[in-house]
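Quick note, the sequence shown lines up with residues 1 to 289 if you use UniProt numbering.
Backbone N, C-alpha and C define an ideal beta-carbon position, used for all residues, glycine too.
For clarity, every value in this text was computed on a predicted model and none was experimentally measured.
Structure record follows, encoded as structure tokens.
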Amino acid sequence: MFQQLGLIGCGLIGGSFALALRQAGLVRQVVGYSKSPSTTERARQLGVIDTGAPSALQAVAGADIVVLAVPVAATESTLSAIRHGLGEQTLLMDVGSTKGDVVQAGLRALQHQAGNFVPAHPIAGKEVAGVEHAEGALFVGRHVILTPTERSRAEQVQRAIEVWSRIGARVLTMGAASHDAALAAVSHLPHLLAFAFMQSVAQQPDGARWLELAGPGFRDFSRIAAGDPTVWRDILLANREEVLRQSQAFREALVSFEAQIAAGDATGLGDAIGRASRARAALKPAFSH
Ligand SMILES: O=C(O)C(=O)C[C@]1(C(=O)O)C=C[C@@H](O)C=C1
1 MFQQLGLIGC
11 GLIGGSFALA
21 LRQAGLVRQV
31 VGYSKSPSTT
41 ERARQLGVID
51 TGAPSALQAV
61 AGADIVVLAV
71 PVAATESTLS
81 AIRHGLGEQT
91 LLMDVGSTKG
101 DVVQAGLRAL
111 QHQAGNFVPA
121 HPIAGKEVAG
131 VEHAEGALFV
141 GRHVILTPTE
151 RSRAEQVQRA
161 IEVWSRIGAR
171 VLTMGAASHD
181 AALAAVSHLP
191 HLLAFAFMQS
201 VAQQPDGARW
211 LELAGPGFRD
221 FSRIAAGDPT
231 VWRDILLANR
241 EEVLRQSQAF
251 REALVSFEAQ
261 IAAGDATGLG
271 DAIGRASRAR
281 AALKPAFSH
């Protein structure tokens, strides 16, 4: 399907995309670039990329598909840096977790190549960062949300749908604003809560001792608090309005639970937990993968 992938950002997601493309036989050659030369070298040693490029611009030379897998706040400067190296027909995608800012960055930074840009968000990941953890099967069975811009060409959107589908993902297309509202609720807020929760426990005088006693419940609830600080800082800031809206909704729910506990309202508390428990149980099939 492609001759050469230009990969900007050889971390967990970028590396997994490169491996997935290779394993599906969709690309002959992968040229990678990461800001840190040691990361680029590590990606080469691991066989995730064939060749390391000394700059983002050089990584896209000769590529017919380019993927940006960098923290979202670096999107615009990265697009500006590679703009003059992009081929006329090169499919260009990002994999960022926020889309309103990425769409705007694309429209600002790309000029006549804006038609080739199809913003993408694979809803897949791990709490650990880095190319060492990259996996070719990371996107199998996962949703990938495409948020084409007003300039994205239909033919490039089709190619984007095809490439993600061929590596096993379930592709959806929606507007950036709907994406950001939904992901604030189901991804960004849970991360914010996990960070705040870890901080609140760890900072108490006996916190370190209590943490030694933590079991599977704590493990499941806090897993994502180990996320990459730069990546998550950028996401929470980029989608701040929706994140704060969700955070407010959460506070209201928390205050209501607190009031029931304080009042010893067993019926109200039991009913509230029952509603939450049923809503979570109803989700299970979606999490079987
Ligand atoms: O599995 C994890 O550790 C993740 O955080 C993955 C997760 C999420 O589900 O929230 C996080 C960010 C990405 O934008 C998509 C998926």
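The alpha-carbon of residue 275 is positioned some 16 Å away from that of residue 261. Under the 8 Å Cβ criterion, the segment 224 to 235 counts as touching the segment 181 to 197, having at least three qualifying pairs. For the pair residue 85 and residue 61, the CB atoms are nearer than the 8 Å cut-off. Between ligand 1 and residue 143, a heavy atom-to-CB distance of less than 7 Å is absent. Here the C-alpha atom of residue 46 lies approximately 50 Å from the C-alpha atom of residue 256. Closer than 7 Å to some heavy atom of ligand 1: that does not describe the Cβ of residue 168. Rounded to the nearest angstrom, the gap between the Cα atoms of residue 138 and residue 250 is 30 Å. Straight through space, the alpha carbons of residue 8 and residue 69 are spaced by roughly 6 Å.
Judged by their CB atoms, residue 146 and residue 116 are not nearer to each other than the 8 Å cut-off.
Taking 4 residues as the minimum length, the alpha helix (DSSP H) runs contained wholly in the segment 9 to 74 are 12 to 23, 37 to 45, 56 to 60, in order along the chain. Residue 248 has its alpha-carbon roughly 19 Å from the corresponding atom of residue 198.
The beta carbon of residue 242 sits no closer than 7 Å to any heavy atom of ligand 1.
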